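Numbering (the UniProt record's numbering), first residue to last: 136 to 495. Cβ atoms here follow ideal geometry from the backbone N, Cα and C, with glycine treated the same way. In this text the structure is predicted, and so the values were computed from the model without any measurement.
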Ligand code: GTP
Ligand code: MG
């Protein structure tokens with residue numbers, strides 16, 4: 136929606152017009168008429184205050200919807216080679232090429248394919264990050280690379296990763312790693328995966344399997360091709376024009392530059408200078424940097440960026456919403472802070488009320 140009149144909001148939320156008006160007055164908003172259309176930001180703010188969920192839908196009417204790169208997360212059991220794989224892939228990335236092999240840690244990187252297509256890898260392996268993001272509603276990942284060591288086979292965290300991906304409805308591409316090792320047995324891994332219900336391509340399913348060695352750097356091109364094919368099948372597209380909807384992948388505090396957030400734009404275009412609300416923090420984007428650390432004016436879908444100018448440190452999975460003024464940014468941020476504080480208290484009260492089950 137594009138906004139809503141106060142009466143409509145009151146009706147939908149089952150609250151009285153005067154109580155909704157009170158909320159608005161509390162945040163310093165004067166409402167001349169109850170039929171006046173409130174902006175999306177205000178509707179969200181009010182909704183938050185009265186405990187209503189609103190989903191932002193930017194009007195995509197007439198907006199250009201274009202293909203975009205896939206965003207990929209690597210998951211797998213401890214020591215199966217997630218970090219090694221990301222390192223190897225990063226060396227084939229645009230950043231590595233442009234920076235002459237020296238890459239800073241930015242939380243995500245882009246690999247450009249000879250065909251001109253590209254793939255964005257989130258440089259945050261681990262189920263914790265994936266679940267945290269999903270729990271916060273951030274569906275940033277399009278495809279999961281499930282790394283399984285050929286000498287070790289399917290292990291508890293392999294299964295955990297599989298169930299995370301399944302729950303999030305994110306397709307997987309299997310990378311059987313360490314194929315260079317003497318004890319490697321990729322056929323065994325395939326059988327194990329199949330017996331866990333994974334429908335592998337060579338057995339008539341649609342899950343692609345690629346045999347690789349992250350340390351010897353073999354099969355990486357095959358893996359990239361498989362990911363590209365998977366992405367093509369998914370027909371990933373995003374709105375390019377208009378205000379960005381983005382997600383934080385990682386955030387850190389830099390001594391000189393303040394809070395920095397690695398983010399991925401989901402739709403629209405993020406422009407330097409815009410006011411944003413990020414989770415419950417806010418700021419004005421002072422600088423947008425691409426993966427090589429180069430300043431850029433704008434960021435389009437699936438492009439990993441680092442933004443500077445936030446007033447506080449956001450969390451992985453936080454959404455980034457563009458607002459039109461500092462007041463709105465402050466207001467929305469304050470509203471969200473109040474909301475999360477309320478939720479936190481409510482949760483604590485609930486936890487106290489629920490007696491802890493004693494083991495039999
Ligand atoms: P955690 O982050 O601890 O869960 O591990 P990880 O999955 O990131 O594994 P990591 O990349 O750290 O690799 C674990 C060990 O396996 C390291 O000693 C790597 O050198 C080794 N390793 C990773 N990939 C390969 C491979 O393809 N072949 C061989 N021979 N060793 C590998
Ligand atoms: Mg690791």
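Can you tell me where the beta strand (DSSP E) with residue 460 in it begins and where it stops? Within the chain shown, numbered from 1, the residue matching residue 460 stands at position 325. Residue 460 -> no beta strand (DSSP E), and no H or E assigned at all.
Roughly how many angstroms separate the alpha carbons of residue 153 and residue 248, rounded to a whole number? If you number the chain shown from 1, residue 153 lands on position 18. If you number the chain shown from 1, residue 248 lands on position 113. The alpha-carbon atoms of residue 153 and residue 248 are separated by roughly 58 angstroms.
If you drop the 5 nearest sequence neighbours on each side, which residues of the same chain put their C-beta closer than 7 angstroms to that of residue 497? Residue 497 lies beyond the stretch modelled for the chain, which goes from 136 to 495, so this question has no answer here.
May I ask you to list the residues that DSSP assigns as paired with residue 386? Counted from its first residue, the chain shown places residue 386 at position 251. Looking at the DSSP assignment, residue 386 forms a beta bridge with 396.
Check each candidate in 265, 142, 278 and name the one with the smallest Cα separation from residue 254. On the chain shown, position 119 is the one that residue 254 refers to. The option with the nearest alpha carbon to residue 254 is 278.
Those residues which DSSP pairs with residue 253 across a bridge: By 1-based counting over the chain shown, the position of residue 253 is 118. Note: residue 253 sits in a beta bridge opposite 247.
Residue 208 bridges to which residues according to DSSP? Within the chain shown, residue 208 is the residue found at index 73, counting from 1. Residue 208 pairs with 257, 279.
Does the distance from the C-beta atom of residue 386 to that of residue 394 stay below 8 angstroms? Taking the chain shown and counting its residues from 1, the one referred to as residue 386 is at position 251. Taking the chain shown and counting its residues from 1, the one referred to as residue 394 is at position 259. Result yes, Cβ atoms of residue 386 and residue 394 sit closer than 8 angstroms.
Pairs of beta-carbons, one from the stretch 430 to 437 and one from the stretch 344 to 361, closer than 8 angstroms: are there three or more? no
If you follow the alpha helix (DSSP H) that residue 295 is part of, which residue opens it and which one closes it? For this step, residue 295 is matched to residue 160 along the chain shown. 291 to 302 is the extent of the alpha helix (DSSP H) around residue 295.
Whole angstroms are fine: how far does the CA of residue 256 sit from the CA of residue 146? Taking the chain shown and counting its residues from 1, one reaches residue 146 at position 11. Taking the chain shown and counting its residues from 1, one reaches residue 256 at position 121. If I take the Cα positions, the gap works out to 44 angstroms.
Is any heavy atom in the ligand GTP found nearer than 7 angstroms to the beta carbon of residue 213? As a working mapping, residue 213 is identified with position 78 in the chain shown. Yes, Cβ of residue 213 sits closer than 7 angstroms to a heavy atom of the ligand GTP.
Going by CA-CA distance only, name the one from 300, 288, 268, 335 that's closest to residue 320. The residue you call residue 320 lines up with position 185 of the chain shown. Ranking the options by Cα distance to residue 320, first place goes to 288.
Cβ pair count under 8 angstroms reaching 3, the stretch 406 to 413 against the stretch 444 to 457: yes
Terminal residues of the continuous alpha helix (DSSP H) containing residue 147? Residue mapping note: residue 147 aligns to position 12 of the chain shown, counting from 1. Looking at the DSSP string, the run of the alpha helix (DSSP H) that includes residue 147 is 141 to 148.
What does the alpha-carbon distance come out to for the pair residue 488 and residue 480? For the purposes of this step, residue 488 is identified with residue 353 of the chain shown, where counting begins at 1. For the purposes of this step, residue 480 is identified with residue 345 of the chain shown, where counting begins at 1. So the alpha carbons of these two residues sit roughly 12 angstroms apart.
Residue 411, enclosing beta strand (DSSP E) - first and last residue: Taking the first residue of the chain shown as 1, we reach residue 411 at position 276. It spans 410 to 413 - the beta strand (DSSP E) in which residue 411 sits, taken as one unbroken run.
Check this for me: beta carbons of residue 155 and residue 141, under 8 angstroms apart or not? The residue labelled residue 155 in the question sits at position 20 within the chain shown. The residue labelled residue 141 in the question sits at position 6 within the chain shown. Taking 8 angstroms as the Cβ cut-off, residue 155 and residue 141 qualify as a contacting pair.
How about residue 218: is its Cβ closer than 7 angstroms to a heavy atom in the ligand MG? Along the chain shown, read from residue 1 onward, the residue named residue 218 stands at position 83. Within the cutoff, so yes.
Taking C-alpha atoms, which residue in 316, 405, 276 lies nearest to residue 210? To locate residue 210, count along the chain shown from 1; it is residue 75. Nearest C-alpha to residue 210: 276.
When you compare only the Cα positions, how much space is there between residue 314 and residue 216? Counting from one through the chain shown, the residue named residue 314 turns up at place 179. Counting from one through the chain shown, the residue named residue 216 turns up at place 81. Each residue's Cα considered, the two are about 11 angstroms apart.
Residue 397 versus 375, 361, 434, 368, residue with shortest Cα-Cα distance: Numbered from 1 along the chain shown, position 262 holds the residue referred to as residue 397. Out of 375, 361, 434, 368, 434 has the C-alpha closest to the C-alpha of residue 397.
Touch test, the stretch 444 to 451 against the stretch 364 to 374, Cβ-Cβ under 8 angstroms, three pairs minimum: no
Please report the distance separating the alpha-carbon of residue 316 from that of residue 326. The residue given as residue 316 occupies position 181 in the chain shown. The residue given as residue 326 occupies position 191 in the chain shown. Roughly 19 angstroms separates the two Cα atoms.
Between the Cα of residue 308 and those of 452, 286, 282, spot the shortest distance and give me the residue it belongs to. Working through the chain shown from its first residue, we reach residue 308 at position 173. Cα-wise, what sits closest to residue 308 is 282.
Compute the Euclidean distance between the alpha carbons of residue 250 and residue 342, then round it to the nearest angstrom. By one-based count along the chain shown, residue 250 stands at place 115. By one-based count along the chain shown, residue 342 stands at place 207. Rounded to whole angstroms, residue 250 to residue 342 spans 23 angstroms at the Cα level.
Can you grab the Cα-Cα spacing for the pair residue 403 / residue 252, in whole Å? Position 268 of the chain shown, counted from the start, is the residue given in the question as residue 403. Position 117 of the chain shown, counted from the start, is the residue given in the question as residue 252. Distance between the alpha carbons of residue 403 and residue 252 is about 19 angstroms.
For residue 218, name the three-state secondary structure that DSSP assigns. One-based indexing of the chain shown puts residue 218 at position 83. Of the three classes helix, strand and coil, the one that applies to residue 218 here is helix, per DSSP.
Please look up how many angstroms separate the CB atoms of residue 173 and residue 470, rounded, as I've assumed it's under 8 angstroms. Translated into the one-based positions of the chain shown, residue 173 becomes position 38. Translated into the one-based positions of the chain shown, residue 470 becomes position 335. No, residue 173 and residue 470 are not in contact; Cβ-Cβ is about 13 angstroms, not under 8 angstroms.
Tell me the DSSP secondary structure of residue 488 in three-state form. Here residue 488 refers to the residue found at position 353 when the chain shown is read from its first residue. Residue 488: helix per DSSP, three-state reduction.
Assign residue 482 to buried or exposed, taking buried as 16 or more other Cβ atoms, counted over all protein chains shown, within 10 Å of its Cβ. Numbered from 1 along the chain shown, position 347 holds the residue referred to as residue 482. Exposed, since its Cβ has fewer than 16 Cβ neighbours within 10 Å.
CB-CB under 6 angstroms to residue 237, same chain, minus the five flanking residues each way: which ones, in chain order? Start at 1 with the first residue of the chain shown, and residue 237 comes out as number 102. Confidence in residue 237 is poor, its pLDDT being 46 and thus under 50, which makes the residue's placement too unreliable to answer from.
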